[in-house]
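Protein chains in written order, with this note's numbering: chain A, 1 to 703; chain B, 1 to 703. Beta carbons are placed, not taken as given, at the ideal position from N, Cα and C, and that holds for glycine. Have a look at the structure below before the remarks.
Number of protein chains: 2
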Amino acid sequence: MKFKTIIMGAVASTLMTSLTHEVLAQQLPTRLQQIQQLKWQQVAPGVWKTIIGKADQVNYMSLRRRSVQIDGLKSLPLANFPLDLTKIAGTAGANKAFVRLPMADDEKIYGMGLQFKGVRRDHKRYRMEMSWYHGGNEKTHAPVPFYVSSKGYGVLINSISNVEFFFNNTYRPDSDKLPVKRDRTTDRKWTHKAQGKYVEASVNGDGLEVIVFAGPTLMNVVQRYNLYSGGGVLPPKWGLGFWDRAHTKHSQDFITNAIKEYKTHKMPLSVMGVEPGWQTKTYPSTLAWDNSRFPDPKKFVTSLKNQGIYVNLWEHPYLHPESPLYKQIEPLSASHLVYQGIVPDLTLAKTRKVFQDYHQKIHLDIGIAGYKLDEVDERFPGHVFFPGGLNGEQYSNIQGLLYQKTMVEMYDRQNLRTYGLVRASNAGAASSPFVLYSDHYNHEDFIAALCNSSLSGILWTPEIRSAGNEREWVRRMQAVCMSPLAMLNAWSSGKKPWSFKKVENEIRTAINLRMSLLPYIYTTFAQYRFTGQPPVRSMLLNYNIENADQFMLGDSLLVAPIIWGKHKNDTREVILPKGKWYDFYTGKYVGNDQKIKVTVSLDKMPLFVKNGGIIPMINPVMNPDQIKENTKLTLRHYGDVPSEFMLYDDDGKTFNYQNKEFSITRFSVVKDEYNNKLVGKITGKYGSYKPFYGDVKWLFMTK
Amino acid sequence: MKFKTIIMGAVASTLMTSLTHEVLAQQLPTRLQQIQQLKWQQVAPGVWKTIIGKADQVNYMSLRRRSVQIDGLKSLPLANFPLDLTKIAGTAGANKAFVRLPMADDEKIYGMGLQFKGVRRDHKRYRMEMSWYHGGNEKTHAPVPFYVSSKGYGVLINSISNVEFFFNNTYRPDSDKLPVKRDRTTDRKWTHKAQGKYVEASVNGDGLEVIVFAGPTLMNVVQRYNLYSGGGVLPPKWGLGFWDRAHTKHSQDFITNAIKEYKTHKMPLSVMGVEPGWQTKTYPSTLAWDNSRFPDPKKFVTSLKNQGIYVNLWEHPYLHPESPLYKQIEPLSASHLVYQGIVPDLTLAKTRKVFQDYHQKIHLDIGIAGYKLDEVDERFPGHVFFPGGLNGEQYSNIQGLLYQKTMVEMYDRQNLRTYGLVRASNAGAASSPFVLYSDHYNHEDFIAALCNSSLSGILWTPEIRSAGNEREWVRRMQAVCMSPLAMLNAWSSGKKPWSFKKVENEIRTAINLRMSLLPYIYTTFAQYRFTGQPPVRSMLLNYNIENADQFMLGDSLLVAPIIWGKHKNDTREVILPKGKWYDFYTGKYVGNDQKIKVTVSLDKMPLFVKNGGIIPMINPVMNPDQIKENTKLTLRHYGDVPSEFMLYDDDGKTFNYQNKEFSITRFSVVKDEYNNKLVGKITGKYGSYKPFYGDVKWLFMTK
């Protein structure tokens, strides 16, 4: 937990130091003069870049919300270039640009964006292409061309054209260690599945940019990638409460009334989403308030905000001729229509300004807190032309990023944080405060996506919509409450948290647990912001375990959801990494470096804490706005060793933390010299912000 | 049946007359200056071409084996440009080239190469890309970018890069008849499945060439496409007999002995395929005779040929370092390996010459009759570089065509016809004497592929390998015997036609039926050669019926196979087009413009003949070489109307038919003036070749 020093550095300077240490690849064995020497430039500590052929002007890193977080990168272990320079090569020509990087026989490949299946990506071809996910492979709405290697490094192909990857399944005559050529007719050991020893990646076009991230650990690789992308997101506190979305036909009065039911049922709620119906017309959209359903949007927003509930609005960017923006945007739009609406070219500063000025006036000025940016995945052919010069293939890959950028810039200028949803994202998005979701509703795939997305600097919510029965309803609710965004998206089904009456208590327990964990979750996001460690963490990141059905939430909490459709009879297997692990609810020791089988009653999901884990908790609140000064804080300690926890706090709304207006409290558990028992104490306070907590209570869970 | 005149013209001149009637598209409504005026050039009767941007030097039409068959084209109905010129547009830029063509709301799209599923291609996106088919959509090893429209025209995107098609599912602001914009929130009639009114097709790169083929009928469209591709294939007669393939480890002696069993079982055989084992090493391959298994290949080939059996050799082009060709080919090969073998660049004349000189010497000079060209579908990444300048994406699309071209040129120079198998093909292949096959073994898909391939100038065999039981064995055998190439490819399973003892008679019946039909089938191929009408014909071609489980073989025979896995209890539905239809076996009337249900015993497949159909038949022979002079010919007439059949014959081996050494006999059925009964007579003989038949017998099947 060394992120305090990192924050200190980060706030002092987020400017990138130019580190132009050039590394020249040795001359490679050439064949047909096609292999180019590559020049590598170190662009940040442990980060190197090369350009093969002619690089695109627009790339993922040019779309970052924030610049490189150099201080965070400096605090990571010193690292050399992680690959054998003599084995890297690339070339461009004949409308293809490609790079070849060495890959060991036993090397494993992970990551590659929002992936719904499995963990391993090696020995396959991957075509990274923006697409609408509806099951199957090779389809995703966050096709991040970034992979993480088991050898402790990562590679980003920083090109917005579709990237095709070949992991250890191509050959060149100049490959070393070519496998023995066997005769298929007579040699039973013949196989076509030989080792290629290389990763190759290519795009259609004149060139590509390659960025290599050092480790040494997988976590370090991901940290470097996230910090190079501007650091992770620190959401506003309200964003970490519970979300719901209203039916598209509901009026402001209807919604205002319906919200009262949350109080009746004592169910937390901090964000209410409003679906397309706030607009006069949608698909394509006018982006204009519908006066019949929303006669006084400001009153609506204010009345909710007074209850600690924030309003999120659904949008897509495809404009109806009746939109107030239409005339200005029309000359700045693409050659083709989507839903018969014009497609704004958001690469153009002018387009973004038109969008921003308009949204500022009709939304931000009345308190709209954020957006759900929908339908920005695969929507048009690759040959669509954009006035800014991109083609549809390129624009598809970044439309989600551009839309996020357009919206977040408005909030940044207001010194206000936002947190929302987006249907498509891509590389370099770590610093963008939007969470991915999808219509695909397979629970196992949803949890795998949660694990895998943590390797690519993107956030994902396994949103809950409906369920076939009470048990599914509870199991899905438990899982979404341990994710970056806890949302009921049931506007279509009309479900409310209390819809399945028999399990209303279990549902409340699941949501309340999230509310109790808010201090822990917020600190976890602060780690993401400053150290690049994602809030939800694949078991690969700290433990090198290939798994896609359990994950770490922050440093200490192992979450093993009962996955609907996969785990029967409330029972599942849990992999416990090396080290002692304890049951979250009882503090009892459960195992060490082993697989265990657990059965949990419906009111619980399997949660475990590592030895020395400290979990700060509060009594459940209806929403984060209710966490006022002097809130009672309970620090749960698990296991039998001394440890510490650095609790982060700030105003939860602005970027004032970047001007030192934050606080870090060091909670330590030490061995009492007198009786050899563990005791807890505060051993340090940093920063100028007064943290939320009053009374502090220590709870030693393990007896 | 007007192909006599066509042949006469075709043999006189196959040179293309230059018809440079330019048609200029009217100026289109422009948007962002992206829409280009297109200049159309009429390149043959009913065929027009335009180039958008910069066209590739290598394209499908540049790889044709024969030039445009202008006389065949001239004999088709006069036709105007079939599309509204004002609605065609295209442009190139930002690494994408695209064309937009009008499409009516009720227009249907067919074709698109070797397609294993369904008939319709509209309202979908198709990415035409060379791939290894293993079920599912969008994968095929003949991704022909040519479609046929129900409105009576066809379009070829003559670009060897991958073509992406959008059929009526894209929009531009300048589209006419844009559907009404509806509000999704309130209007129940809202749909995202609106009509786009256009076909759009695009490639990555600087340009594309578009070729439009007029109708007016679907058959005329396909004829124009095939004739523009050089006319269809007329195989050597031996190619139309029955094929088998020996196990890869079998020696020449073993094979020579094993063939005797065919005689014992009285099973026809005209081609024996030899798998990789003829070579010293394969995968990668040496292309050198293995002396242990084949000590005297010439003796082997000669001994088989004396029995009327021809030898076909398996090959792939990926060379082992021990290949005699390796040193010469190495500098002419690609940047990557396949099966660790070098990949010859067959776009280079020098590479083809090295291949041809070598094969001539070790194969053609000793009588090898043809090849099975394997593994030339999806085998390497798109970024592979070829010394001739193509990238892997482009080369993948044409590798099969280049390999076919390399091999067929040798035979053409010898004035010898060949007929073989190939794993990958593409546009412009009608004149190439190779038949596609695949490892996919779903019978329903195999029959659909047979129907669909007839729309794209490619031949396909639903080869038989093995079966789970006797009934499947018979049903698959019956179907393959009605296809362009009747092959048992059971080298791996070891199955022989008599392997399922209980049904040996049914199998013999199926193969013998093909042998009896050889005169009919050969004439049908002659139609393909000179008129462009494919031998197997989708029900679309003459009857506009969308169907993928029955087809026409030639003009008169409707083949409705009992498809294994689809049709249960020997029963199936058959669609009878307009006109009277008769049972092939009994001559009985079965229906007119209706669906009928038929049940057939295991020794029969459902076969029907149209009213007036004349089917020339002979007694079954072991192989086509046994069809000597004065063979007894039976002409079966079906139905109740006068008609005629033009029987084509030639030497069956050479191209001497191009010097008028062929014969056409006009067999006519007329009403006898005296008793008003139908009688058959020969009413004309054309050409200098003496046809095979002696006694002629008429059989009026319908009483």
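- Counting the other Cβ atoms within 10 Å of the Cβ of S292/A gives fewer than 16, which makes it exposed.
- Ranked by how close their Cα comes to the Cα of G230/A, the residues A486/A, K681/A, I160/A and T531/A have T531/A in first place.
- Residue contact check for K281/A against chain B: a CB pair falls below 8 angstroms.
- At a cut-off of 8 angstroms, the C-beta of F98/A has a neighbouring C-beta in chain B.
- Comparing alpha carbon positions, the residue from G613/B, K496/B, N169/B and D365/B closest to L647/B is G613/B.
- Residue environment analysis places E673/B among the exposed positions, since fewer than 16 neighbouring C-beta atoms fall within 10 angstroms of its C-beta.
- A Cβ-Cβ separation of about 7 angstroms places G152/B in contact with L218/B under the 8 angstroms criterion.
- For G113/B, the three-state secondary structure derived from DSSP is coil.
- A direct Cα-Cα distance of roughly 52 angstroms separates V271/A from G53/B.
- Assignment of beta-bridge partners to R127/B by DSSP yields E164/B.
- Burial check for K266/B: the Cβ neighbour count within 10 Å stays below 16, so the residue is exposed.
- DSSP links P616/A through a beta bridge to L635/A.
- Beta-carbon to beta-carbon, K681/B and V670/B are separated by about 7 angstroms, close enough to satisfy the 8 angstroms threshold.
- Bridge partners of E315/B according to DSSP: L373/B.
- Within chain B, no residue has its CB atom less than 9 angstroms from the CB of H440/A, the nearest being about 18 angstroms off.
- For V354/B, no pairing in a beta bridge is given by DSSP.
- Assigned with DSSP and collapsed to three states, M622/A falls in coil, not helix or strand.
- Distance from F146/A to V199/A at the Cβ level is roughly 12 angstroms; contact not present, criterion being Cβ atoms closer than 8 angstroms.
- Nearest in C-alpha terms to N619/B, of all of P606/B, K604/B, R636/B and F608/B, is R636/B.
- If you look at R514/A, you'll find it in the alpha helix (DSSP H) that goes E504 to S516.
- With fewer than 16 other Cβ atoms from the protein chains shown falling within 10 Å of its own Cβ, P77/B counts as exposed.
- Within the stretch 526-605 of chain A, complete beta strand (DSSP E) segments of at least 3 residues are found at 536-538, 551-553, 557-559, 571-583 and 589-599, given in chain order.
- The alpha-carbon separation between G205/B and F116/B amounts to approximately 29 angstroms.
- The contact set of F166/A on chain B, defined by CB atoms closer than 8 angstroms, consists of P381 in chain order.
- Residue burial annotation: E164/B is buried, with at least 16 other C-beta atoms found within 10 angstroms of its C-beta.
- In this structure the stretch 576-586 of chain A does not touch the stretch 685-696 of chain A; the number of beta carbon pairs closer than 8 angstroms is below three.
- Restricting attention to beta strand (DSSP E) runs no shorter than 3 residues, the stretch 234-294 of chain A encloses them at 242-246 and 271-274, ordered along the chain.
- For R379/B, the closest alpha carbon among the candidates V155/B, F81/B, F98/B and G400/B is that of G400/B.
- Sequence-ordered contacts of the stretch 305-322 of chain A with chain B read H320 and P321 [C-beta pairs closer than 8 angstroms].
- Using a CB distance cut-off of 8 angstroms, G389/B counts as an interface residue toward chain A.
- The C-alpha of S159/B is placed about 14 angstroms away from the C-alpha of M112/B.
- What K249/B touches in chain A, judged by beta-carbon distance under 8 angstroms, is T185 and T186, going in chain order.
- Nearest CB-CB separation between K181/B and chain A: below the 8 angstroms threshold.
- The Cβ atoms of K39/B and P102/B do not sit closer than 8 angstroms to each other.
- The beta carbon of D583/B lies closer than 6 angstroms to those of V590 in the same chain, with the five residues before and after it left out.
- When C-beta atoms of the stretch 418-428 of chain B are compared with those of the stretch 452-462 of chain B, three or more pairs fall below 8 angstroms, so the two segments count as touching.
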